[in-house]
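Numbering (full-length UniProt numbering), first residue to last: 1 to 192.
Inspection log for the structure reproduced underneath, given as structure tokens.
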Amino acid sequence: MKSRFIQNGYFLLLTFVTGLFYFCFYLIALLFSFTLSFTVIGIPLVIRVLQTTTPFIQFERIQTKIYTDISTDTYDRSIKMDTSNWAQVKLVLTDRRTWSAVFWLMQKLVIGIFSLISAIIFYVMPLMLLLAPLLYRYIEMNIIFIQIDTFAKSLFVMFMGIVFTAISIKIVDCLTKKLGGYTRSMIRQLNQ
């Protein structure tokens, strides 16, 4: 149970990091490649950027399976490279699934921010409450307009931390299942 709680915390933080990465990567890479599209470099760069959706979605599948134990459908949307260059450009740029995959991956930033806030609430806050008897002398602590300035109050806050930790274990488990369901629905939508 304890290791599952820690694993869920890793998943929440990894969701934030990957969401931030996908958003920044696609925003910068697509803007840069479309800006250069009037040169010889731009169009191949657009194609290479759009072809990264398949490995990123495969990474999301693996990440979801490892951390949440949720199985998802396979996703293999490789575009065949045996056509001519201009046919390949047209095929990649007009493929609705590729652009949908970019949208789904960039949208993960919002989910990542939510998971970071959740990780702070459900991991850092209980730890601070549990450490209240040690910290109340050094840090000015206020909980719901009550200043923690005595040892008795800090013990009460520590008890609240124990209760909040027990509750957050259940909440975080449900939350990671919901976030894992996002990957499942993303792949299901992209496979249609």
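C-beta atoms are modelled at their ideal positions from N, C-alpha and C, and glycine is treated no differently.
| task | Evaluate Glu140 with the Cβ neighbour count: other Cβ atoms within 10 Å of its Cβ, from every protein chain shown; 16 or more gives buried, anything less gives exposed. | result | To locate residue 140, count along the sequence shown from 1; it is residue 140. Under this definition Glu140 is an exposed residue.
| said: Quick check: what's the CA-CA separation for Gly162 versus Phe21? | reply: Position 162 of the sequence shown, counting from 1, holds the residue named residue 162. Position 21 of the sequence shown, counting from 1, holds the residue named residue 21. A small correction: the amino acid at residue 162 is Ile; Gly does not occupy that position in the sequence shown. Straight-line Cα distance between these residues: approximately 35 Å.
| request: Please report how far the alpha carbon of residue 227 lies from the alpha carbon of Lys2, in whole angstroms. | output: The structure shown has nothing for residue 227, since the chain only spans 1 to 192.
| Cβ neighbour criterion (16 or more within 10 Å) applied to Arg61 | Against the sequence shown, residue 61 aligns to sequence position 61. That one is buried.
| query | Is it the case that the Cβ atoms of Ile28 and Ser37 are separated by a distance below 8 Å? | reply | Position 28 of the sequence shown holds residue 28. Position 37 of the sequence shown holds residue 37. Cβ distance not < 8 Å, so Ile28 and Ser37 don't count as in contact.
| Buried or exposed: which applies to Ser154, given that a residue is buried once 16 or more other Cβ atoms fall within 10 Å of its Cβ? | The residue labelled residue 154 in the question sits at position 154 within the sequence shown. Burial call: buried.
| Can you name the residues that DSSP bridges to Met141? | Stepping through the sequence shown from its first residue, residue 141 is reached at position 141. Answer is Ile148, bridged to Met141.
| request: Check each candidate in Ile117, Arg184 and Leu131 and name the one with the smallest Cα separation from Phe16. | output: By one-based count along the sequence shown, residue 16 stands at place 16. Measuring from the Cα of Phe16, the nearest candidate turns out to be Ile117.
| query | Short check: CB of Ala101 to CB of Thr53, under 8 Å? | reply | In the sequence shown, the residue the question calls residue 101 occupies position 101. In the sequence shown, the residue the question calls residue 53 occupies position 53. Cβ distance < 8 Å, so Ala101 and Thr53 count as in contact.
| request: Quick one: grab the DSSP three-state call for Thr94. | output: By 1-based counting over the sequence shown, the position of residue 94 is 94. Thr94 falls in the coil class under three-state DSSP.
| said: So, does the region 112-129 touch the region 91-99, judging by three or more C-beta pairs under 8 Å? | reply: no
| Less than 8 Å separating the beta-carbons of Ser168 and Leu12? | For this step, residue 168 is matched to residue 168 along the sequence shown. For this step, residue 12 is matched to residue 12 along the sequence shown. It is not a contact, given that the beta carbons lie outside the stated cut-off.
| said: Can you tell me where the alpha helix (DSSP H) holding Leu130 begins and where it ends? | reply: The residue you call residue 130 lines up with position 130 of the sequence shown. Met125 to Leu130 is the span of the alpha helix (DSSP H), which, as asked, contains Leu130.
| Short Cβ contact (8 Å threshold) for Phe164 with Leu129 | Position 164 of the sequence shown, counting from 1, holds the residue named residue 164. Position 129 of the sequence shown, counting from 1, holds the residue named residue 129. The answer is yes: Cβ separation under 8 Å.
| task | Classify Thr74 as helix, strand or coil using the three-state DSSP reduction. | result | Position 74 of the sequence shown holds residue 74. Thr74 falls in the coil class under three-state DSSP.
| request: With distances taken Cα to Cα, identify the nearest neighbour of Ala132 among Gln147, Val46 and Gly19. | output: Numbered from its first residue, the sequence shown carries residue 132 at position 132. Minimum Cα distance to Ala132 is reached at Gln147.
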